[in-house]
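Down below is the structure, laid out as structure tokens.
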Amino acid sequence: MAILEVKAIEKSFDNTHVLKDINFSLEKGEVMAIIGSSGSGKTTLLRCLNFLERPDKGTIIVNNEVIFDAMDPSTQKESEVRKKRLHFGLVFQNFNLFPQYTVLKNVTLAAELLAKERSDYKQNKKVIIEEIQERGKTLLSQVGLSDKMNFYPHMISGGQQQRVAIARALALEPDILCFDEPTSALDPELTGEVLRVIKGLAERNTTMIIVTHEMDFARDVADRVIFMDDGVIVEQGSPQEVFANPKEERTKQFLARYNNA
Amino acid sequence: MNEITIIISRLSESFMLNCKLFVLTLLFSLPLGLVIAFGSMSRFSPLRWLVRTFVWIIRGTPLMLQLIVIFFGPGLLGMSFSWPGGASGRFVAATVAFIINYACYFSEIYRAGIESIPAGQYEAGQVLGMTKSQIFFNVTLLQVIKRIIPPVGNEVMTLVKDTSLARIIANKEIIMMAGEYTNKGLIWPLFATGIYFLIFIGVLTILFDWLEKKLSYFRV
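One line per chain: the protein sequences are P and A, in this order.
FYI, the working numbering numbers position 10 of the first sequence as 10, with every residue one higher than the one before it.
FYI, the working numbering numbers position 31 of the second sequence as 31, with every residue one higher than the one before it.
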């Protein structure tokens, strides 16, 4: 059973048609890589899944529940969107950590705010906060940053910041974790540590969608690859199919440019 | 000798009016500025343009003129509203004019500060399921405060000196008091008023430096 089904998504900005009839599905535990040149619509697709953009047409279904339907305004209400977007986590290209909070607080803040809405929050405040703290610490050790817990974001490297951002996205236990070019803002020597963390998540069967320019990484870690160009999904399949035996001319051209670079 | 102490005590007494005006103006214009800032960023364009026009008028005309209009306006226009009589009425009118004027300046500082926060901060809050107000209070507010401390400090220091404009509607503040001696041919009290302002500004400088240091533990 598919955990995610995306059906007939369309998106335009003014007169630019950015996404054209996007369809795909994702199984639980699968890792999907989205590749393609700049401006092909990869990031917009990811932003649509995370409700940062509203598709003009189409539906998004998670666990058989329609969480977005362009024809049904009731799925687009602010309060509804707030709950439903938590099916997804998003790791940004530029990390977007909160600079005024420590690394640990970055990871726990959202969970602490959500906990305030629990009916038993007042009675069990201490226990709830302690649980969130413990979970935050566990996540930080998972990304190898226990020793940086009390540092502020500007005191750690870009690679470390991105690992904090991954821990922060995991803190709310999303069904599907999305990455928007997670290593593009990093110095080359720092990409490895981030990719290793993502790979570790894949080994633990985390369902992920990764927009990336790291072809070797995509080949290595993805179960399925989507190649996008000019707002359409040109080709999708296993890494073997897409990278070794691309069927479409546009895919071949795109990969050739990468192999020569 | 006796005359000097009398003059100094009268100057000090009149400086209390400057101080009172300063404190009351800040107390009300700092929060009011935030309301105006939100109005000038509203997605509802009639409100946005109304607020921006208002800010343009207030920032586009001299505070001295605003003091006169606010104090004499109601009477000249034959409105049923009038300021209370005597010194307290003149002080209240001056305070109202100052609050409106400074709120408009603060609103522009707030707006610039709020708009300077990268979109990624809001988006990070959104994807973590935060409400708009949670994002404002828990994510952006402190970053905005850090960014606006220097311009707010500037504005606050200008306010200290602007308070002496209240004399235009006969509020007996320190420069008006010193002017009375000048008219009698005694010039030094006027120069002495500068010392009051310098000391006040010195204290504020230390305060704002301290605030800046307080927030230097993170970078925006």
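No residue lacks a Cβ here, since even glycine has one placed at the ideal position from N, Cα and C.
Option in the options with minimal Cα separation from residue i
{"i": "glutamate 235 of chain P", "options": "P/Glu249, P/Gly89, P/Gln123", "result": "P/Glu249"}
{"i": "threonine 5 of chain A", "options": "A/Trp83, A/Trp188, A/Lys214, A/Trp210", "result": "A/Trp188"}
{"i": "methionine 215 of chain P", "options": "P/Asp21, P/Met32, P/Lys20, P/Leu46", "result": "P/Met32"}
{"i": "threonine 43 of chain P", "options": "P/Thr108, P/Ile176, P/Pro182, P/Asn259", "result": "P/Pro182"}
{"i": "isoleucine 128 of chain P", "options": "P/Val6, P/Thr108, P/Tyr258, P/Ser74", "result": "P/Thr108"}
{"i": "glutamate 117 of chain P", "options": "A/Thr131, A/Lys20, A/Val203", "result": "A/Thr131"}
{"i": "cysteine 48 of chain P", "options": "P/Ala218, P/Gln253, P/Asp180, P/Ile198", "result": "P/Asp180"}
{"i": "alanine 8 of chain P", "options": "P/His17, P/Ile22, P/Thr16", "result": "P/Ile22"}
{"i": "valine 211 of chain P", "options": "P/Leu90, P/Phe243, P/Glu241", "result": "P/Leu90"}
{"i": "leucine 11 of chain A", "options": "A/Leu211, A/Leu50, A/Ser82, A/Phe197", "result": "A/Phe197"}
{"i": "leucine 177 of chain P", "options": "A/Pro84, A/Tyr122, A/Leu128", "result": "A/Leu128"}
{"i": "proline 31 of chain A", "options": "A/Pro118, A/Ser107, A/Glu180, A/Ile117", "result": "A/Ser107"}
{"i": "leucine 34 of chain A", "options": "A/Leu24, A/Arg111, A/Phe200", "result": "A/Arg111"}
Cutoff 8 Å; reference residue i; Cβ partners in own chain excluding five residues on either side
{"i": "leucine 63 of chain A", "result": "Ala97, Phe98, Asn101, Asp162, Leu165"}
{"i": "serine 238 of chain P", "result": "Asp223, Arg224, Val225"}
{"i": "glutamine 161 of chain P", "result": "Phe95, Leu97, Pro153"}
{"i": "glycine 158 of chain P", "result": "Phe95, Ala185, Leu186, Asp187, Leu190"}
{"i": "leucine 26 of chain A", "result": "Tyr102, Val156, Leu159"}
Where residue i falls, given that 16 or more other Cβ within 10 Å makes a residue buried
{"i": "alanine 111 of chain P", "result": "buried"}
{"i": "asparagine 50 of chain P", "result": "buried"}
{"i": "methionine 71 of chain P", "result": "exposed"}
{"i": "glutamate 30 of chain P", "result": "buried"}
{"i": "methionine 228 of chain P", "result": "buried"}
{"i": "proline 188 of chain P", "result": "exposed"}
{"i": "alanine 94 of chain A", "result": "buried"}
{"i": "glutamate 18 of chain A", "result": "In the sequence under discussion, the amino acid at residue 18 of chain A is asparagine, which differs from the glutamate named in the question. It is buried - the Cβ of asparagine 18 of chain A has at least 16 other Cβ atoms within 10 Å."}
{"i": "valine 164 of chain P", "result": "buried"}
{"i": "phenylalanine 44 of chain A", "result": "exposed"}
{"i": "tyrosine 121 of chain P", "result": "exposed"}
{"i": "lysine 126 of chain P", "result": "exposed"}
{"i": "valine 23 of chain A", "result": "exposed"}
{"i": "arginine 167 of chain A", "result": "buried"}
Proximity test, Cβ basis, 8 Å: residue i and chain C
{"i": "tyrosine 110 of chain A", "result": "Annotation note: the requested chain C is absent from the structure, which comprises protein chains P and A."}
Proximal residues to residue i (C-beta, below 7 Å), its chain only, five neighbours per side dropped
{"i": "valine 62 of chain P", "result": "Ile3, Leu4, His87, Asp175"}
{"i": "phenylalanine 208 of chain A", "result": "Ile149, Gly153"}
{"i": "cysteine 104 of chain A", "result": "Ile36, Val55, Ile58, Arg59"}
{"i": "alanine 171 of chain P", "result": "Val107, Thr108, Ala110, Ala111, Arg135, Gly136, Leu139"}
{"i": "leucine 47 of chain A", "result": "Gly39"}
{"i": "isoleucine 70 of chain A", "result": "Ala93, Val96, Ala97"}
{"i": "arginine 85 of chain P", "result": "Asn50, Phe51"}
{"i": "serine 82 of chain A", "result": "Pro74, Gly75"}
Same chain only: Cβ atoms within 6 Å of residue i, ignoring 5 sequence neighbours per side
{"i": "glycine 113 of chain A", "result": "Val144, Arg147, Ile148"}
{"i": "valine 81 of chain P", "result": "Phe51"}
{"i": "glycine 125 of chain A", "result": "Ile135, Val139"}
{"i": "proline 151 of chain A", "result": "Ile109"}
{"i": "alanine 167 of chain P", "result": "Val107, Leu139, Leu140, Val143"}
{"i": "threonine 193 of chain A", "result": "Ile174, Ile175, Ala178"}
{"i": "alanine 202 of chain P", "result": "Val31, Val221"}
May I ask you to list, following chain order, the residues of the segment 60-82 of chain P that have a beta carbon less than 7 Å from some beta carbon of chain A?
-> Arg82
Let me know the beta strand (DSSP E) ranges lying completely inside the segment 84-147 of chain P, each 3 residues or longer, listed in chain order.
-> Listed in chain order, they are 88-91.
Hey, which unbroken runs of the alpha helix (DSSP H) at 4 residues or more fall wholly within the segment 21-83 of chain A?
-> 45-60, 63-76
Contacting positions in the segment 162-185 of chain A - beta carbon closer than 8 Å to chain P = none
Quick one: complete beta strand (DSSP E) runs, 3+ long, within the segment 162-242 of chain P?
-> 176-180, 208-211, 224-229, 232-237
With 7 Å as the C-beta to C-beta threshold (strictly closer), list the residues of the segment 100-116 of chain P near chain A in chain order.
-> Gln100, Leu109, Ala110, Leu113, Leu114
Return the residues of the segment 40-58 of chain P that lie within a Cβ-Cβ distance of less than 7 Å from chain A, sorted by chain order.
-> Cβ contacts with chain A come from Asn50, Leu52.
Which residues, in chain order, does the segment 137-156 of chain P contribute to contact with chain A at a C-beta distance below 7 Å?
-> So the close ones are Tyr152, His154.
Chain A contacts made by the segment 242-254 of chain P, where a contact means CB separation under 8 Å = Cβ contacts with chain A: none found.
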